[in-house]
Each structure stands twice: as structure tokens, then as C-alpha cells.
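Residue numbers (the working numbering), protein chains in the order written: chain A, 62 to 408; chain B, 2 to 814.
So, in C-alpha cells, the structure goes:
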């Protein structure tokens, strides 16, 4: 049965040389088909004796199995090759940019304002905003700053052509401090009939206006007012909250904060707050970031509260200033130019 | 306020360096803004005596001087100054001396040099060469008693610091050397030396009668005549130097004395030329309408009954507490003077100078409050200086006290102080603060009682004293307590969208946030908002910021123009900000000001290519439907209707009013072609703005059962008049639809005559020229059963019939 082994070897060789499925099927017919070599051999079994027929048949079947296995393997190989060619043809340049992948962004002042809101929200502060065209009473009088008082000339006020109920000209708020009064009065009203009043804890960010325009002053800018009134909120608490605020905002535990006596009609004691960084371009320089103080008893009264019972602190902080320090912006005017090349950096 | 440190140290001299002294002042609330030496740094300059000089042998304009600098040998120095004279003492820079750096910061060292064949062993200096002044006309002449060879910096006290402090309006008491000295003494414990107020005895009986008619203006008036003064006497060098270092230009002896006392004691006074006072008497009263006075600064002002004046028979001679008049001013020929020191009520001075658009040192002090107890003492001090410098015979001091501020004792409860400051300070420490400040204090056990002195106008209530305790204790020495808070949760309405949520959505849709000024050009309001009556700013910083905006469009359009001018071709910006409109229906409220509505708007603009430059997307310009898509996505889940409506800023055929639940919330559209042309833009920007409060409410979400039965889809293609809005047709179909229609979506708008954006037109039969075809996909579904074909057919039939009846539509063949 020498030729049986030769036949298997020949089939394997022939299959391996075939590159197309159709040709493979033709080859299969030559070996395994009705008139194939192996079929011929099986037909020849009948000429053998009964003793010889069984082992010869087994050998031929074994050879048939071998050829079929070789055929199957080759079929799979060819199918695999075909798939690979197809996939190769479908390949993309995956480095091409994605379609319309751009996105816009928030203004850096909004980025800061949002951080500030989140920081104060985390210790239970509400967020409020109110009118930018204000009355004299809310902007000055209620904040203990009577007409003609020299304290008023600390802030150059824009006036608009309208008057309030008292006949005084309306103005563009010079600070966010009117929101101290507005929010506190709403709060007091809300709890007028309650057995106890929760503390007033609010920040009020927003636009403010002063007659001033140069590289470091803009006629419109943003402030955030902070107010915490309760039965026992002290100047030491103000120091603690503000220190924590600065370190959280700048994500820098090495910031130094100093409180310097100052004067605002609506707080007493009053303090200017300076900060200093321990590294970076501003290292060691005292930078003024906020006015603050214990709310003046007359202002507490104007909120509708008894200053004997309720005390607390307020601060007013320039958001542009914090934003410039945070993001390394050196010219205030960039904030209001609407230059896409500037804004895209914060997307 | 500006003053010299060495002058301050004549009153109080703590053992502190200049820097430490400045720090102490800053940390006590007297913020030091600047501190700089009187002269720039230089070294090796000494007092030299010019023994003799000879003409330089080889140069007409140079001299060769023999200069004694105390070294035993005379120095040979070439000098070109015109005022060189034998016996003159001048600054002499020795060989090796460092002169002040020049404008570029380069230092200049003196070397032995040969000038036109003559050796020069140093340099004689002018004031300008030493950086002390701009005077380069000649050598700086030094006093005859200046010690030869002495360091010039010591002789002229050039290391003296000129300190500028920024005083808060409450601290009028520190607007003087003595005031700052009082503060330094309190801060450091160093003793305070007050200037002498020795009474000067009258040597003549002459008086000038003064009648005070307005005690609400003038609470006290003190005055004195001095005859026989020599107004031409020169001001002593020490006084000139102190005035100059305090930023006051010396003028003449009498004026200088008055200014000096204002700086030294914080006492504004006025010296009249008594011979020019007509009628030989003065009256103090409120002004009368129409009265005029020519002031010392040359300005003539008209007063009224709110302005205090000092007048004589001829009319107003001075603005009370602010500035003297020209007619009675002292001159070099003056021989008889009237010295006035008064107490003017702060309220009667406040704001008056500002009415005339100037400020004066006197007005600045009086409107903040000046010590009312020392008018006479200060007149004595002025008289003494006048006699010393100008001579003369003083008359008696007249003093009228009409109405003075009360100085009631103030109680400060020890516990209240601790509560406000937040630290358990010892009572004795509190007592110590008031003692150091020199304030009379009584211990009442659980409280302290302090009587404010006449020079403190900022102490009236308990908190004023608490502030003094905190200030003197040092803010730095108070603890910083960690925040304490009661643990109550803040309410948060799920149905209320925040401005930030809109901003984030806009940013995610490729818009950059801008912040534009709230005041704009009146032309923008007129042209882009159709607003002829905007809220005007009465004192704008520029006319193009003259009115409050009632729309965000102007600013957004300006953003486009700004960026186009900087070669940016694709611009997408948005803003959230308030606008301002007159509105008589707005009444005063917790967050409202009567007569003006101030709604917060969200506005956006898109200009240039719809997508940024990229490989896979055909380039086309942004259009109305791009921005409408952005807006709809941002407003979702709210559903807006768009009603074709003209707007002054927008293309009349490409603009719409945005309506939600029947209420107008804003506008969207392409910029009007005339504004596109006006701004020279290459294509039309598309803009929208909506009022945030009207789009911020969303319904509370509530689950609805998802049907388990399959949906049925049917398409309807209608042919109808092109001018019928698609939304109207869709609305008609929806109304006829019935319960199980869950969606009617337009998927085609076909117009044979006019291509829509991106869809090329092709000739089509069966269409009139004025017609279009709209195709809708109808989705039907029932939650309870599978819909049959018959049910679906019946629904579609109803819908088509409605469109036929209402809009004369027909099914497309």
C-alpha cells in the first residue's frame, strides 16, 4: 500500500498550492469525488479476499480521513486569508481627526464664580443675585452710608435717569453689598412666624459698576458678597472662613492671609484682606483681595434684626482679581474684549 | 497723607526701623502706600568749601576750584557751574563716589580725570546731579554752618523717609503729624511730645468783630488780629523742608505757617489780610443764592443757602472751611492779619467742595471732623510762629463757642466685645488699649466706659470701641476659627434650571462665553433694539457707553466685528447678563426696583462656517436652522414654537419670535442685511436671545409606561401652498390625530422652484409654482394592544382630511 501514503502526501501538497476556494473544490473531486483516486481504490476492495479486505479498507479510510482533514484545514486557511484581505481593504486612517469635535467654554470669571459658589455651597451657603440698577437706599443708606458722607466718595457712582420712591436718582450698584440687605430681609420675612430662624448664610456674586477705567480698573466688574449672620458669628470666624476659602480656591495650603484694619460704613470692626503666595511669580507680595468685617449694628437693624441678638460677618471680594491670580491673567481688559483667542484658552 | 519720618520722630521716636514703623502703621489701619528716601541712593558726597577758583587755562566756561573737604589738603576740581563763588559750601563728590543711577539705572562713579589738560580730583554737584530736584542751574548751595567734610546725606537728612499713608474716611484725627504720632505712641508705647501751645500775650487791644449767624454751620469761631507783620520775611529752611517733604510747595511765610500748622496739628486755619476786610467786621452765615466769590485758586463760584460763607460788608470773602477768597488774601505787602481758626460742622462742609469740582486740604479735614477743643491753643501756636518769622503785635484772642459736638461717654460691655471679636480677651487688656490710646476710661465691672476726646469723630457706639480693642490688640493676633455650621440642608428645586446649566450646555455646543458691558452706545439701542427711550447713564465714562442695554444683541454683534477684525473667521459666542427696560408695571420688591425691569437674558451669536475647518465635512456658512437647533437643544425639554415676526436687528423673512406655552420668551434670526453691510461683514451672523426666567422652569419628570406592542409607521406627503408654515400643518395633523399617535415628524420640505439649504431642486410635474410638498412620518402605538391596519388607515385618513379641509392640501402623487 505504498501508493496510499504517496496519495495522501500528494493531496496535501496539492491543497497547499491552491490559493482559491474554487480550485480547492476541484482538487477535492480528484481525490475524493466519484471518480477520484481514493474512490477508485475503495472500489478495488471487492477484488480482495475477505481477510485482506478489512485491513485494506481501514487503511484506505484512514487515508481518506487524512485527506479530508487536510482539505478542511486548507479551507479554513483560505477563508481566513480572504477575511484578512477584506479587513485590510476596509482599514481607516485612525489618526484623522474626529468629526466636528470642538466645544466652547465658560468665561474665566464664570469659572471662578462657579468655584466660589461650590466652595461656599459645601459649607451650607445659599447663592443669590439681585438688581444691578439699585436705589440709593439699598446701595448706600441701608448700608450706613448717609448722603454727602466722605465714605461715599470712596466709590464713584454711575447714576441713571430714573428716580426711586424718595425721589433720589437710581444708580448702578457700586458693590454687591445691597444684596446683604435684600437677602436678609427676604430671609427674615420667610421666618417671621417660625419659632426660630436658621442662620443667614449667603453669597451674592454679580456685576458691579464704578466710574473708573484703566489697566487695573474696569467700569464694570464682578464682586462676590458673603454674609453669615447668626447668634454667635464672630470676627475670628470670619478669619477662619476666609483663610479656608483662599486655601480651597487656590488649592494651596501655604497661602498666607492677613487682616488689616480698615473702614467701611457697613462693618465694624472692618478689615482689608491681603493674601500672599509662598511660590510662583507673586511670591511674598501682599495682594489685596477683599474688604470685610463684622456687620454694623445699624445694618443688622436695617435687615430687620436685633443686633443685640444677631451678629455676623460680611465680605466683598473682587472676582476678576481672584481670576487673574488663579489663571495668570495680567490685564483686566482682556475679560471684556470678547476675543475668541483669549476665551478659547478656557474651553 | 504725606509726611517726613524725621518730622514724625520729633513727636514720637519708637525704637523701630523705618520699615518696622511703616508695617506697624499699616497693620493698625493707617495703610502705608509708599515710603521712599528723600533722595535717591548715592555715596561719597561730602560738604566742600570752595576756597578759591581760577579760570580754566584752556576753556572759557570752566573754572578750576580749590576745595576744602576737611582732609588737610585742598582738592583741585574743575567745575562748569555759573554760580561758583569763593566761600561757598557745596556738595563735593570725592574720587570713588557713587552718584545716583541715571534713567537707565546705570550707576555713575567719580574717577580722577584730566579735563582739557587740568586734573580734576572730584566733582562739585548741583541738586539735579544728586537726584534731589530738577534744579540744574548751578551748584547746590549748602548752609553756612554745614560742617566741612561731613557726609551730605547726614547734613541734609537725605535718608529721611517720605511716608504716604492712605487714610480711611473715619480717621480724620490722623490727618496730621500729631495725629499719626498719637497712633504710633499707642502702638509702640513710646512717649509722645506735643508741640508747645504757650499763650502769646496781647500787645495791642485791636479786635475784629465777628458775628456768627449760623451755629449749625460754625460751632466755634476763634480769631486774632496781628499788626505790623513783615509778610516778605522768608520762611525758615527747616519749615520749607518739612513742607516740601509733605508735598506742600512753600509760597510765602504767612501761607507757609498756616499750611505748616495744618500738617503739624491737623488744624486748617485762614489768615486774612485784615486791611482788605471791608466794613472792618466779618459775619459767618449760610450763603445766599446769586452771591459770588472769587477764590484763592482763581475760580469764581456762585453759592446758595446750603454753602457756608464768611462775608464782610462787600460780600462773600471765603467758603467756610473750604477755601479763602482772593480779595482778602494775604500778599507780600500785607501788614495786618486776622488769624481764624473755627469749628465747622462736618455735615455743613460735606459734599460742598465737590459741588464746585475741587477738593482742598481744609475741606477734606473739616468734612471728616476737626478737633473743636483746640482752636485757641492752635491760634497761640500760629501767633508764636508769625511773631518768630514775620514779627508783629498781636491783639487778644476772640473766642465764640456756639454749639459743640457732645462727647457722651460710651459703654462697652466686656462680654459683647468678646462675642464680636470671638476671643476671650482679658478685661485688663481692653483697659490697656484705651489707656495706650490716651482715651479717658472707667472700669464699671462688666463694662468699660470711654469718653471720646474732641479729636475723635469716629467713636460714638459700642462697636467703635470694640474695633479699637481689636485693632490695637492686632488683627494678626486674633485666632482664625474653622467654620462652624448647623447641619441643615439647602433646598434645591429639581424643576428650576440654573443659569450655569444653560451656560454649560452652550459651551458644550461650541459657544464661548463672553461678558460684555451693560452700558452701550445709544445707537445700538435705537438700531438693534428699536429702543428710543433707553435708561440713560447720567455720568458715562464715554458716550458709547451712554445707555443701559435692553438687548444683548449689540454686544454680541460687537464681539463678531472685534474678532473679524482680528482675522477670526468663525465666531460663536454667548452671554448671560441682565438687560434694562423702563417698565411702569414693575414695583419695588425684594429683588426689584420700581419702574425698571432687569431680566437676565441668554443670548448667542454664530458667524462664519457652520463647522470648524475639517476634512470630513463640507464647508458651508452657519444659518438660521443651525442656531435654531442649538437653541432647541438648550431649551429642551421645553418645546418652543417659532412665529415669523420682524425685529429691528433681524432679517424680516428670517427671524422669529420664540414662544413657549403661548408666551414670548425671545427672538432668533439672521442679522438684517443692512446691518451686515453697515459692519462690512462677509456673511450674516445669526443671533438669538431668550429671557432666562421664562425658560428655566421644567416640569417635574414622571414615568409613563413603555408600550409592549409594536409601533406602526406611516408617511404622509402633502402638496400645499408654500406660504403655509410647516408648524401650522403639523399642528393641524396632530389635532386630527387622536389618542394613539405618539409622533408626527416632518422629514421633507420640497420646493420645486427654490432649493432649500443643501437640497438641490429638480423639476417636478404636478406642482404649481406657489406650492411645496411636506412629508411627515406618523408614529402610532397603543399601550394596550397591537394596532390593526384598519385602525392605522383610519387615523391617517382623518389627518389627511383635516389638512385638506384646513389648508387645501392634497396627497402628493
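All residues carry an ideal CB built from backbone N, CA and C; glycine is no exception.
Just so it is clear, the structure is predicted and the values come from calculations on it, not from any experiment.
- In the three-state reduction of the DSSP assignment, residue 510/B falls in the coil class, being assigned neither a helical nor a strand state.
- Burial state of residue 137/B is exposed, judged by a 10 Å Cβ sphere holding fewer than 16 other Cβ atoms.
- Under the rule that a run must span 3 or more residues, the beta strand (DSSP E) segments found entirely inside the stretch 338-404 of chain A read 348-356, 372-379.
- Residue 330/B sits in a strand when the DSSP states are folded into three classes.
- A direct Cα-to-Cα measurement between residue 749/B and residue 772/B gives close to 14 Å.
- Runs of the alpha helix (DSSP H) spanning 4 or more residues and lying entirely within the stretch 362-430 of chain B occur at 362-367, 376-391, 415-422, in chain order.
- Secondary structure remark: continuous beta strand (DSSP E) runs of at least 3 residues inside the stretch 175-246 of chain A, in chain order: 220-224, 230-233.
- Here residue 66/B has 51, 54, 78, 80 as same chain residues with Cβ atoms under 6 Å from its own Cβ, once five neighbours each way along the sequence are excluded.
- In this structure, DSSP gives residue 93/B an extended state, which the three-state scheme calls strand.
- Put simply, the CB of residue 686/B is far from chain A, with every gap to its CB atoms at 8 Å or more.
- For residue 324/A, the enclosing beta strand (DSSP E) covers residues 317-325.
- Its Cα nearest to that of residue 418/B, the residue 474/B stands out among 474/B, 456/B, 402/B.
- In its chain, beyond the 5 residues on either side, 81 have a beta carbon closer than 8 Å to the beta carbon of residue 62/B.
- Among the CB atoms of chain B, none fall inside 8 Å of the CB of residue 197/A.
- According to DSSP, residue 324/B shares a beta bridge with 320/B.
- Each residue's CA atom was taken as its position, placing residue 176/B and residue 350/A some 26 Å apart.
- Residue-level contact by beta carbon fails for residue 251/A and chain B, as no gap is shorter than 8 Å.
- Interface annotation, residue 210/A: in contact with chain B, CB-CB separation under 8 Å.
- In chain order, 504, 513, 514, 515, 516, 576 make up the part of chain B whose C-beta sits under 9 Å from the C-beta of residue 168/A.
- Going by C-alpha positions, residue 365/B is about 39 Å away from residue 578/B.
- Taken in chain order, the complete alpha helix (DSSP H) segments of 4 residues or longer contained in the stretch 9-47 of chain B are 19-28.
- The secondary-structure analysis by DSSP pairs residue 328/A across a beta bridge with 325/A, 356/A.
- The stretch 349-366 of chain B makes no contact with the stretch 222-241 of chain B; the number of CB pairs closer than 8 Å stays below 3.
- Counting along the chain, the unbroken beta strand (DSSP E) around residue 270/A starts and ends at 261-270.
- In this structure, the alpha-carbon of residue 672/B lies about 54 Å from that of residue 305/B.
- Non-local beta-carbon contacts of residue 514/B in its own chain, meaning distances under 8 Å to residues more than five positions away in sequence, involve 504, 507, 508, 574, 575, 576, 577 in chain order.
- Residue-level contact check: residue 45/B does not touch chain A, since none of the beta carbons of chain A fall below 8 Å from its beta carbon.
- In this chain, the beta strand (DSSP E) harbouring residue 672/B covers 664-672.
- If the five residues before and after residue 113/B are omitted, its C-beta is found closer than 8 Å to the C-beta atoms of 96, 120, 121, 122, all from its own chain and listed in chain order.
- Between the stretch 688-699 of chain B and the stretch 656-668 of chain B there are three or more inter-stretch CB-CB distances shorter than 8 Å, so the stretches are counted as touching.
- From the listed residues 312/B, 21/B, 173/B, 110/B, the smallest Cα separation to residue 282/B is found for 312/B.
- In this structure, the beta-carbon distance from residue 420/B to residue 372/A falls below 8 Å.
- The beta carbon of residue 351/A does not come within 8 Å of any beta carbon belonging to chain B, so the residue lies off that interface.
- In chain order, 230, 231, 232, 234, 254, 255 place their CB closer than 7 Å to the CB of residue 391/B, counting only its own chain and leaving out the 5 sequence neighbours on each side.
- Annotation: the continuous beta strand (DSSP E) that includes residue 301/B extends over 301-303.
- The beta strand (DSSP E) runs lying completely inside the stretch 682-734 of chain B and spanning 3 residues or more are 687-692, 713-722, given in chain order.
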